[in-house]
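Listed in order, the protein sequences are those of chains V and G. Letter by letter, the first sequence follows residues 214 to 956 in this note's numbering. Letter by letter, the second sequence follows residues 691 to 1058 in this note's numbering. Built from N, CA and C at the ideal position, the CB exists for glycine as well. All values derive from a computational prediction rather than experimental measurement.
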Amino acid sequence: MRKRRIAIADHVAEALLFNRRVLFAFVVVVLLFGVLLLNLYQLQVVKYDEYSTRADGNRIKLVPLSPNRGMIFDRNGVLLAENSPVHSLELIPEQVEDLPTTVAELAKLISIDEERQQAFYKEVKQQRRFKSIALKEHLSEKEVAILAVHLHQFSGVTLEARLTRNYPYGDLFTHALGYIGKINEKEYKQLEENQQSANYAASRDIGKVGLEKFYETQLHGTVGYQEVEVNSRGRVIRTLREQPAISGDDLYLSLDLGLQLKAQEALGENRGSVVMLDPRDGAVLAFYSNPSYNPNLFVHGISGKNYRMLLNSPDRPLVNRITQGLFPPASTIKPLLGVAGLENGTVTEQTRVPDPGFYRLPKVSRPWRDHLKWGHGYVDIYTGIIKSCDTYFYDLAYKLGIDKIADFMTKAGFGRPSGIDVHEENQGNMPTREWKKIKHKQNWGPGDTINIGIGQGYWQATPLQMALTTATLINTGARITPRLARNFHNQQQDQNLLIPLEQTIEVVNPNNWAISREAMRRTAQQEGGTARGAFLGASYNPAGKTGTQQVINMAAGREYNAKAINERHRDNAMFIGYAPHDKPEVVVAVVVENAGGGGSNAAPVARQMMDHYFTPQADKPALPTLAEVALMQEQRAARMLEREQGYAAEKAAEAQRKLKQQQGQTTPATPQAPAPSSLPATPAVDQQVQNEQNAAQNRSAQTSGTAVTQNNNAVAVSPTTQQQKPAAESAPQAQSEENSIDE
Amino acid sequence: MNEQEHQSRLMRWHVDGPLLAALLLLIVVGLFTLYSADGHDLAKVEGQALKVAFAMGIMLVLAQINPQSYRRWSFPLYVCGLFFLLIVEFFGYTAKGSTRWIDLGFTKFQPSEMMKLAVPMAVAWYMAKHAMPPRHRDVFVGFLICAASTLLIAKQPDLGTSILIAMSGVFVLFLSGMSWRIIGLVGALLAAFLPILWHFLMYDYQKRRVLTLFDPERDPLGAGYQTIQSMIAIGSGGFEGKGWMQGTQSQLEFLPERHTDFIFAVFAEEMGLMGVCGLLLLYLFIIGRGLVIASRAQDNYSRFLAGSITLTFFVYVFVNIGMVSGILPVVGVPLPLVSFGGTSFVTLLAGFGILMSVSTHKRMLAKQ
């Protein structure tokens, strides 16, 4: 009883104590609110005049001015990337009396689709009334003309001109130049991280791929500012001060328009690539990958339909075959491998190897076959290169060993990024013991080395690496860094972008290098040389080496018959060459996919390139006018569309046939259509795009391709080569293509 | 009679009528100001309204829970919060130089937000276990409960939030009848601590903000810019204001952070001193109502918690308006229930949900 009483008393006391505290707190709250109010009274009533004046004076705003992007020229000053005005139709909602009527009237004059109109109204809601909003962008000249005539009928409607990028030569330079496009969110973030966002305050576009991306900083220029006075409604009254934007520097390339056109013409409808460079300084003269695509599509925001067509095309136009296409370099590496053998003392100029038409390792029953069934007889290094004798190089590679080969070839430029000035590059693969251990969890076998001897097996190289290593051979062990761009130019100075040669291989005897070069000269000039036919009558002392790289594995004993094989399973033709032999000025590397032998299909392309290069300036055919180029572009685009439609039809037919086969359950294997399960891994060019959506499912079984493994008829079907999986570094490509579709 | 019926129906749903009315009015005022402040983007206001509706839902759900349940869960909740803060300390997600979040994959969770309620709950739980006024030992333990979480949050670094959380705990101690002598002592200790804070614990940017307070013009384009522009906005609003959507400072984008921390300047510019008085009265009414609820509560835990939540709400209002009008340093405190935001609404309205629970469950408790 007593206890409870105390508890009750405590309750009351506690409530009382609490309420006293609450009351105290409330008084403090009211007092502090009083302080706030007093301060606000001070601001809003006592000092009203002062602040009111200051608010009125608060009328100066900074408006960023976008710099003009630097232009890009070829080596002779021909404009390759320019800034041309694009017109857009813009409305200021505040000044338009009746917005829907005005829009409807304008839509009668020029076509404005429903989607665009809705986007416009949405933007009107979000923006301030006095801000100009685009109703239609990228007006055609005709539309501009129509609008210009009728503009006076409308109030608040303006035609605005803005500069955007234009590539007058369309698909001719795409894989070198790349393109620019609207800055996406990811790029904004990156700009912020690099503290560049202020510099892009007025810019809409940024380099997405190619040189446009590589040299973005210098091409972009520096933002300018305008100090303007605005009235109380935010409209600009006058400009007070202006700090002009600084244009980006102009970029001059080493590329030559004439050579570029020649490369496109020589490749024709074939898939493939041509790269020509100067072995003396690494300047790239021609850089063309076929098929290509029109970069202007991306500048204005490519349509989903067009983008899907480019992305899913079995021809892979988005892939830069020169730097991203991976091929076993095949017989083109024989001259350099010969040098490695000579320098290491594995062979001498006099060494002769018997070639009965195959090569056999002691204790291994399976032979590696030469491409010549009956053999070349006794072969020395000259014949080995001139006639492309496989047995000689099987033997050389086996005796030299993979470690020395890999070391030498990596220094020469295989299996490493070339350092060219585009980011889209695949470094290929120069296999080593460690690489196989990590990648395949298997030990390196002698059979692997023998395949390396003819540039096959795990060896993967880009056409650019084939050209680059040829330059290393010419320069007796000094490696170039290929550069598409030669120099930047602005009012103050020229900035040279070429990179000096680097002696990466220690030379034992320069004569060893001369032996291989001499063999290459004879290949192109001497009776029996594999490239002689292509260079008959050439006056500039050419040298070269052919390569033929088999796309599918022929079952042992089966004959290769081009006509009986699906077009995409035919051999890839390759050629590396240079001229003049005594004082080389140019190196050419040509890969023509699925064309057949290198001597008869790739070497003639190189011949045309060299012929053009060595023709005196006066005798060269006149360059086409821009109108002619535009016409050519149109025709090429039409043919591409036609091809794509053909592929689609083929695919449909194939699907039909498959369906029938499944229903019939009896599947007679024909050589025309090898069952996909019997095929080894996908070639690198294809694999690169596998990450991309739809890529895999959009390829038919036939076009899914096969590992590019063996030399023509040299059917060394070692078990390891069967399991080969090219180490394609697919990520960069996939990324850059993703970036390009973001709008 | 009718009114009483109405009252009882609200009571059954555990809704405090006057408080709900005032909160709704404040939120509507906030949405209108937001529309004007943020480029007249209806979609954004709609989005904000949706978030507010969600937070309101949470408030109503929390109002249904009996205060005794809160009391039982107070300490476990606090321990959980401390655990999360430790996770943040070691594995937290870092953004803008501070580590405040736990990355859950689909969303980021900010434990300090949870502690805004968990700390006063835990202190109230502890203080309510003992009779009022508390013994010195109890006060000491109460301080410890505050200090543990406050220091962890201050380390993130999030000085503003840590001080606010510390205050919410100290309010409980104050309301529980902590002796004035200790209050004086703590005040003196704090004053002594200030130089240490200044020299050893505050970051340069924090110091700069305080310095700018005394002389905004010393750095008119840097730290002082915000304060100067917002004072111009408020001052040029005058007695009557420039009218809704007519404020030049805010519409011409001279005012930074118009829709978040500095939204009060937009309101003051467009609505003038009259509008400001109305807004302050509305806040005062909410605070008054909260204190009434606290004083009518029938157990110590409910009292302390309701009182602390209300006073902390006041601190938010005072600090925000004080910093926007240039008498307090710029710390990242939003104007409660008006500034654009999602998390802050949830935390604040969750607090009001607890207030409503205290206000509407007491009769049942009394009957027991």
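Beta-carbon gap between residue i and residue j smaller than 9 Å
i	j	result
V:Asp491	V:Glu798	yes
V:Asn483	V:Asp384	no
V:Ile618	V:Trp657	no
V:Leu348	V:Leu319	yes
G:Val809	G:Ile792	no
G:Gln939	G:Ser920	yes
G:Glu803	G:Thr1037	yes
G:Gly978	G:Gly997	no
V:Pro567	V:Asp528	no
V:Pro644	V:Val577	no
V:Asn509	V:Tyr428	no
V:Val436	V:Tyr413	yes
Partners in chain G for residue i, counting only beta-carbon separations shorter than 8 Å
i	result
V:Phe427	Per Cβ cutoff of 8 Å: no residues; V:Phe427 is ~31 Å from chain G at best.
V:Arg267	Ile922, Gly925 and Ser926
V:Tyr254	Leu963
V:Gln257	Ile924, Gly925, Gly927, Gly928, Phe929, Ala958, Gly962, Leu963 and Val966
V:Val235	Leu865, Leu981, Ala984, Ser985 and Gly997
V:Tyr261	Gly925, Ser926, Gly928 and Phe929
Neighbouring residues, chain G, relative to residue i (Cβ below 7 Å)
i	result
V:Lys421	Within chain G, no residue comes near V:Lys421; the closest Cβ sits about 28 Å away, beyond 7 Å.
V:Phe333	The premise fails here: V:Phe333 is roughly 16 Å from chain G at the closest Cβ pair, so nothing lies under 7 Å.
V:Phe246	Leu970 and Leu974
Contacts of residue i in chain V (Cβ-Cβ under 8 Å)
i	result
G:Leu1001	Ala238 and Val242
G:Asn1010	Correct list: empty, because the minimum Cβ distance to chain V is about 10 Å.
G:Ile777	Chain V residues near G:Ile777: none, gap ~27 Å exceeds 8 Å.
G:Ser1015	Leu249, Asn252, Leu253 and Leu256
G:Leu732	Lys338
G:Ile977	Phe239 and Val242
Of the listed residues the options, nearest to residue i (C-alpha basis)
i	options	result
V:Ala691	V:Arg451, V:Thr683 and V:Glu406	V:Thr683
V:Ala737	V:Thr536, V:Tyr413, V:Phe748 and V:Ala727	V:Phe748
V:Arg730	V:Leu251, V:Ser502 and V:Tyr595	V:Tyr595
V:Met679	V:Ala802, V:Asp707, V:Met622 and V:Leu585	V:Ala802
V:Ile598	V:Thr545, V:Ala861, V:Phe571 and V:Leu555	V:Thr545
G:Val730	V:Leu539, V:Glu336 and V:Ser297	First, the amino acid is wrong: residue 730 of chain G is His here, not Val. The candidate whose alpha carbon is nearest that of G:His730 is V:Glu336.
G:Thr1033	G:Leu715, G:Phe799, G:Asp706 and G:Leu772	G:Phe799
V:Gly760	V:Gly538, V:Asn779, V:Asp784 and V:Glu719	V:Asp784
V:Ile667	V:Thr743, V:Leu550 and V:Val357	V:Leu550
V:Tyr264	G:Leu709, G:Val742, G:Thr917 and G:Ser726	G:Thr917
V:Gly757	V:Gln439, V:Leu677 and V:Gly812	V:Gly812
G:Ser926	V:Pro280, V:Tyr254, V:Lys518 and V:Ala458	V:Tyr254
Amino acids of chain V, ordered along the chain, whose beta-carbon sits closer than 7 Å to that of residue i
i	result
G:Arg993	Phe231
G:Phe1004	Val242
G:Leu709	Per Cβ cutoff of 7 Å: no residues; G:Leu709 is ~16 Å from chain V at best.
Within chain G, partners of residue i - CB distance below 9 Å
i	result
V:Val443	Leu942
V:Tyr264	Met921, Ile922, Ala923, Ile924, Gly925, Ser926, Gly927 and Gly928
V:Asp223	Ala821 and Met822
Closer than 9 Å to chain A by CB, residue i
i	result
V:Arg272	Chain labels in this structure do not include chain A; the protein chains are V and G.
Listed by chain order, chain V residues near residue i by CB distance under 9 Å
i	result
G:Gly850	The premise fails here: G:Gly850 is roughly 18 Å from chain V at the closest Cβ pair, so nothing lies under 9 Å.
- Enumerated in chain order, which unbroken segments of the beta strand (DSSP E) with a length of 3 residues or greater are wholly contained in the region 784 to 816 of chain V? As far as the region 784 to 816 of chain V is concerned, its whole beta strand (DSSP E) runs of at least 3 residues are 785 to 792 and 799 to 805.
- Message: At 4 residues or longer, what runs of the alpha helix (DSSP H) sit wholly inside the region 855 to 936 of chain G?
- Response: DSSP runs (the alpha helix (DSSP H)) wholly in the region 855 to 936 of chain G: 870 to 886, 894 to 904 and 913 to 927.
- Query: Are at least three pairs of beta-carbons, each pair with one atom in the region 302 to 318 of chain V and one in the region 375 to 384 of chain V, less than 8 Å apart?
  - Reply: Pairwise C-beta distances place the region 302 to 318 of chain V out of contact with the region 375 to 384 of chain V, as fewer than three of them are shorter than 8 Å.
- Message: With a threshold of 8 Å, are at least 3 pairs of Cβ atoms found where one atom belongs to the region 662 to 682 of chain V and the other to the region 469 to 480 of chain V?
- Response: With the cut-off at 8 Å, the region 662 to 682 of chain V and the region 469 to 480 of chain V do not touch.
- Message: So, does the region 818 to 826 of chain G touch the region 987 to 995 of chain G, judging by three or more C-beta pairs under 8 Å?
- Response: At 8 Å Cβ cutoff, the stretches touch.
- Could you tell me whether the region 280 to 288 of chain V touches the region 951 to 967 of chain G, where touching means 3 or more Cβ pairs closer than 8 Å? Using a C-beta cut-off of 8 Å, the region 280 to 288 of chain V makes no contact with the region 951 to 967 of chain G, since fewer than three inter-stretch Cβ pairs fall below that distance.
- Query: Does the count of Cβ pairs from the region 861 to 868 of chain G and the region 226 to 234 of chain V closer than 8 Å reach three?
  - Reply: In short, these stretches touch, since the Cβ pair count reaches three.
- Query: Is the number of C-beta pairs between the region 928 to 935 of chain G and the region 254 to 270 of chain V that are closer than 8 Å three or more?
  - Reply: The region 928 to 935 of chain G is in contact with the region 254 to 270 of chain V.
- In chain order, which beta strand (DSSP E) runs of at least 3 residues are fully inside the region 385 to 420 of chain V? The region 385 to 420 of chain V contains, as complete beta strand (DSSP E) runs of 3+ residues, the segments 392 to 395 (chain order).
- Query: Considering only residues of the region 442 to 523 of chain V, which uninterrupted beta strand (DSSP E) runs meet the minimum length of 3 residues and lie entirely inside it, listed in chain order?
  - Reply: For the region 442 to 523 of chain V, the continuous beta strand (DSSP E) assignments of 3+ residues that do not extend past its boundaries occur at 449 to 456, 463 to 466, 485 to 490 and 497 to 503, in sequence order.
- Message: With three or more beta-carbon pairs closer than 8 Å as the criterion, would you say the region 813 to 831 of chain V touches the region 474 to 488 of chain V?
- Response: With three or more CB-CB distances shorter than 8 Å, the region 813 to 831 of chain V counts as touching the region 474 to 488 of chain V.
- Please determine if the region 1010 to 1024 of chain G and the region 768 to 786 of chain G are in contact, where contact requires at least 3 C-beta pairs separated by less than 8 Å. The region 768 to 786 of chain G and the region 1010 to 1024 of chain G do not touch, with fewer than three beta-carbon pairs separated by less than 8 Å.
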